[in-house]
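Working notes, structure below.
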Amino acid sequence: MSFFGLDWTRRKEKEVERKIRANDREYNSSFMYDTNAIKTSKYNLITFLPLNLFEQFQRIANAYFLFLLILQVIPAISSLSWFTTVVPLVLVLSVTAAKDAIDDINRHRSDRQVNNRKVNVLINGKLMSEKWMNVQVGDIIKLENNQFVTADLLLMSSSEPLNLVYIETAELDGETNLKVKQSLTVTGDMGDNLEALAAFNGEVCCEPPNNRLDRFTGTLTCGTQKHSLDNERILLRGCTIRNTDWCFGLVLFAGPETKLMQNCGKTTFKRTSIDRLMNVLVLFIFGLLALMCIILAVGNAIWEYKEGSKFNVFLSRDQNTAFSAFLTFWSYIIILNTVVPISLYVSMEVIRLGNSYYINRDRNMYHARSDTPAEARTTTLNEELGQIKYIFSDKTGTLTQNIMTFNKCSINGKCYGDVIDHHSGQRLEITEEMTPVDFSFNRLADSKFLFYDHSLVEAVKLEFPEVHTFFRLLALCHTVMAEEKKEGDLVYQAQSPDEGALVTATRNFGFVFRSRSPETVTIEEMGIQRSYELLAILDFNNVRKRMSVIVRNPEGKLTLYCKGADTIIYERLDPSCSKLMKATTEHLNEFAGEGLRTLVLAYKDLDEEYFSEWKQHHHEASVALEDREDKLDQLYEEIEKDMLLIGATAVEDKLQDGVAHTIEQLAKAEIKIWVLTGDKQETAENIGYSCNLLREEMNEVFIVAAKSPEEVRQELRDARLKMCPNTEQDKFLIPETILGNTPKVVEDEHANGEYGLVINGHSLAFALESSMDLEFLRTASMCKTVICCRVTPLQKAQVVELVKKYKKAVTLAIGDGANDVSMIKAAHIGVGISGQEGMQAVLSSDFSFAQFRFLQRLLLVHGRWSYLRMCKFLRYFFYKNFTFTFVHFWYAFFCGFSAQTVYDEGFITIYNLVYTALPVLGLSLFDQDVNAGWSLEFPQLYVPGQLSMYFSKRAFMMCALHSCYSSVVLFFVPYAALYDTTRSDGRDGADYQSFALITQTCLTVTVCVQLSLDLSYWTVVNHLFVWGSLGMFFILTFTMYTDGLFRLHPPSFAFIGTARNCLNQSSVWLTVALTAVLCVLPVFVYRYLCCQISPTINDKVRFKVHQTKEPAPRPRRTKLVRRSTRRSGYAFSHAQGYGDLVTSRRFLRRPAQRSTGFTPTGRSPGFKPTGRSAGYSPAGREQNPKQKVEPTSLQMFRVVNDSF
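Shown next as structure tokens:
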């Protein structure tokens, strides 16, 4: 049963292994497996009110004000009316409850939207359309092309030959290249025969639910036969079926037990560092309040003992000194409660809401192409944006667009791709206004492919042999699959986006890859269809860093074509290529300097007799039972030598607009950026250089790729000692005491120079173990940039948690896919990019926008302003309320500690709500030390926020001391001015009501003058709020002290005529002026001396802005220029094993329609243009489409952490 949102059902025991029987719900239900339903909401109609109130009263402040309300209804204690507390308390609770209700309604809506999706489930031999929430473990379901996988499935059969299924895993690992899964033969033979599938009663025994995306172990028992299951047979929830008409799958894990959900991480309640500091300060204030009340209670006891008997004539009462002191203590608790006014929390929520509105309405963060504005999805974390020290970023789709474009190439020593001015001979920058190459001669060309160097297509038309060989190699040496659903409409499915871009470019230049079989590759060369016999594929792997194919052309000539990393290919070239190699190297250096991904191409003509002998040895090695991989590598090395160099390709993994400039700006703001990506090391490292995260100027970039814990520890230690030889082994932890807890904080250690760190997922798994995590953190923190490759979603979250735990720093995680959800939830601030990988990151984020470049404005402008405004607000708010309250304390020594208030009761009620509310809100919503342009021009302005310089315990104590001083002035100056004085009409001027009014006036004027000193940016609204509040004070004062209101309710308006009689005295106005000057003079002098002796970065920038007297500079969009000496720009996101797949008859698709000549063709939907040339998007989707913010799968699942 569920009661108050709590699940009290019997908890099932922790699984050791999972047993499932197909098509047997009764059997499977006995194990109490989770259904496919998800629940992210917290409340329902019945539980909302009690549960929400329970949560709200867990806040110390709310419980404190409830306690005060109870005290105020006790007549013997309270000298204030109960409505002074109940009205603001009800207001705060109502506003918070309404906000929580809206949030939970949205969660209910999202839950229903996902749970009510439909899928075909095999029930009683028929396919029934069922809601996702009703799918159970053991069900067999049918999925169709482009559908999301409903749960974790065992693939049973599919529409493709050999029961293959093509899936896209972007929401799991961020990779958009397609992957292949294949079912077992025993289940694949059933095809789409519903009778056979319904009769299937195989039993699966597998691992329990876990978060390992790359591993699965289990067995399938059919009759007497047992079949092994691994990850190649599993379709995970979050994947998308591509280019497969249909498939059937057996549900293994459902709902929260799926691997994706296990990686989602828990949703925790996020609070800002200011909120956490406020909790500490509130406890301190409570202690101060108790101390003051104890002092005044003791004073009352002493006064009662010594002086109380003299007043029995006027006040008939029992002389019980102890009881009188006890009542006085609680009376002063009520009177002095304004040290923690409830309006503080109301105002903070209003300020955060206002600053969130600025983010939502910022046109400079609006992405017109996708019609996506920035959105503050959480309104309680704005000021935290001004204190970020660490940014954890995904790569694919966040820093890059994940669109590969063929930009340049080098063929036989000549570079192609640049546009040269024929008159000056200078290279021109390519713009959209330029005329691209006309590919109309090729009817099979992709009409959206853009290339601007006309000389290359002329070389193709002139049939330069080296150019033809270059494109022939690219058309043959790959593992791309071609599909031609209608005549001339080619769709390429590439295992890596690099290959897709190269084959697409080759297609446009007249060498069109049409189809393949296990034995042949068919291409069209300048309109002539030619079929090459595919004799061998020498597959790619991370050690070889190259792939080769051996083909026989229609004329019978044998050729080996090879492409790979320059360093690898150069070692295997014929000595005759030395001159060409030198020219090609210069081009490679240029390509790498521009951040392009390079491959070197070479070929070798083979002798028939030699190849026959080699092929025999290859067959023997491929069937060897021992050392098979080593023997094959030796054979590959043998044949891949003495090759002839052709040239090199340069493909751009397009960065998002402004990424490099944004990273540069954030680095100037002392923000460290760590890239956590699922991509391979070479790809991530190359992008690091492309966007200037890694630079040639760095002293060294450490690569940690060890295979054992001991080796990882040693590599990390060696790197740390190299960066800082004098670093000590143990003395790096600082005890940080917070509320009695003493967590360990790793202090910042400074390296001798600039360093980078690249670590792969295997090594990171060891580095994150409890025995090594501090070693990893120390080493990584000393580096300017850290890149973690091949990391799982859970590892991303673990890295973030490690920094949060041991670094006294605020973290931000930014990503665009479901694989980033866990780290977005783990970080202090989560930012989602509405990109190509769906909206899962956005749904789990605190802030969202469309482009990485908007991050600099979010932090350097909105974040810094929000933090600065909140800190100014808190300093001023505490000042005005402490000053207001401390005057009561001094007055107590002159009123016999009787708990009499120094102010009029009406003034006490509306002081925070009317007289001082709007001016401080104006400061908190409109103030800015410098405008947005200068904030971006000087990122160093961000640094004080990281150091908590604007509001801290020290700043709070300074504020309290200033308030104490001001309260002394506010009490004793009017006291001295009225002491033994007479008015101009000869009457006595020293009475309680006149003193109260003068003190109120002095206080109101003083706090307004202090606010004027704090304001850096005066607007019409600020003028209206400040002068309007002062005017309102005098209007209400004269109104409340009139005869008419006194007649209506004499007890509430006892100060009749006081304003008229008091404020017409010139001495009163002199007293007000003197008091205000004395209160603000120390602040003015202190700030002036600080600006002259030790100016802050804010002071320097404001002085410079004042001197220039120029408008703020417009945001600059700088073009990245890298002058690199780094030769290899090699990066090839290809996976090992596809060569075997191609030649094993497993990778076949349906027979493609063949064409013997050029025919009119539509645009290939697999390739979408972006920028200067057509970009290869392996999923065949529109780039940056406008998407609704709704869950596209169940990745928005969250485990709600209810605190009880």
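Numbering-wise (the working numbering), the sequence shown opens with residue 4 and increments by one. For every residue, glycine included, the Cβ atom is placed at its ideal position computed from N, Cα and C. Note that this is a predicted model, so its numbers are computed, not measured.
1) For a test of the three-state rule: what should DSSP assign to F998, helix, strand or coil?
2) K671 and Q931: beta carbons closer than 9 Å?
3) For C1011, count the other beta carbons within 10 Å of its own beta carbon; 16 or more makes it buried, fewer makes it exposed. Which is it?
4) Taking the straight line between their C-alpha atoms, what separation do you get for E469 and I414?
5) Should L719 and V704 be called a contact, given that it needs their Cβ atoms to be closer than 9 Å?
6) To the nearest angstrom, how far is it from the Cα of P922 to the Cα of E387?
7) Rounded to whole angstroms, what is the Cα-Cα separation between F889 and F329?
8) Assuming I140 and V254 are in contact, meaning their beta carbons sit under 8 Å apart, how far apart are those beta carbons, in whole angstroms?
9) Run through DSSP, which three-state label would I305 get?
10) Just verifying my parser: in three-state terms, what is the DSSP assignment at Y639?
11) Comparing C-alpha positions only, which one of Q390, I73, T403 and R62 sits nearest to T99?
12) Alpha carbons only, please: which of D819, L92, I77 and E58 is nearest the one belonging to L916?
13) If we call anything under 9 Å between Cβ atoms a contact, is I666 one with L696?
14) With a 10 Å radius around its C-beta and 16 neighbouring C-beta atoms as the bar for buried, classify P500 as buried or exposed.
15) Going straight from the alpha carbon of L1216 to that of K398, what length do you get?
16) Could you compute how far the alpha carbon of A999 sits from the alpha carbon of F57?
17) Go through its chain and collect everything with a Cβ distance to R1105's Cβ below 7 Å, but skip five positions before and after it.
18) Quick one: grab the DSSP three-state call for M701.
19) In the DSSP output, what is R555 paired with across the bridge?
20) Within 8 Å, do at least three Cβ pairs link the segment 1010-1027 to the segment 873-882?
21) Among all the DSSP beta bridges, which residues are the ones paired with V124?
22) If you follow the beta strand (DSSP E) that R600 is in, where does it begin and where does it stop?
23) According to the neighbour-count rule (16 or more other Cβ atoms, all chains shown, within 10 Å of its Cβ), is I531 buried or exposed?
24) How long is the line joining the alpha carbons of L964 and R364, rounded to whole angstroms?
25) Identify every run of the alpha helix (DSSP H) within the segment 864-900, keeping only runs that are complete inside it and at least 4 residues long; order them along the chain.
26) Could you check whether S1032 and T919 sit closer than 9 Å to each other, using their CB atoms as the reference points?
27) Can you tell me whether C242 is buried or exposed? The criterion is at least 16 other CB atoms within 10 Å of its CB, across all chains shown.
28) Tell me the residue span of the alpha helix (DSSP H) that contains T814.
29) Report the start-end ranges of each beta strand (DSSP E) in the segment 411-492 that is 3 residues or longer and not cut off at the edges.
30) For L239, does the three-state DSSP call read helix, strand or coil?
31) Return the chain-ordered list of same chain residues with a C-beta closer than 6 Å to the C-beta of R1184, the five sequence neighbours on each side being excluded.
32) In terms of residues, what are the limits of the beta strand (DSSP E) holding V524?
33) State yes or no: is the C-beta of V124 within less than 9 Å of the C-beta of L238?
34) First and last residue of the alpha helix (DSSP H) that includes V515?
35) Assign H664 to one of two classes, buried (16 or more other C-beta atoms within 10 Å of its C-beta) or exposed (fewer than that).
36) For V440, which option in H425, G420 and L447 has the closest C-alpha, if you only look at C-alpha atoms?
Per the coordinate set shown:
1) helix
2) no
3) buried
4) 7 Å
5) no
6) 23 Å
7) 21 Å
8) The sequence shown places Val at residue 140, not Ile. That pair is a contact at about 5 Å.
9) helix
10) helix
11) R62
12) L92
13) yes
14) buried
15) Lying before the first or after the last residue shown, residue 1216 is absent from the chain, which here runs from 4 to 1207.
16) 40 Å
17) D932 and V933
18) coil
19) E536 and L561
20) yes
21) M131 and I144
22) R600 to L609
23) exposed
24) 40 Å
25) 867-895
26) yes
27) buried
28) Element bounds for T814: not the alpha helix (DSSP H) but the beta strand (DSSP E), V813 to G818.
29) 417-419 and 484-489
30) coil
31) Note that R1184 has pLDDT 42, beneath the 50 cutoff, so the model's placement of it is unreliable and the number below is only indicative. Around R1184: no qualifying Cβ.
32) T523 to E528
33) no
34) From DSSP, V515 is part of no alpha helix (DSSP H) but of the beta strand (DSSP E) over F514 to R519.
35) buried
36) G420
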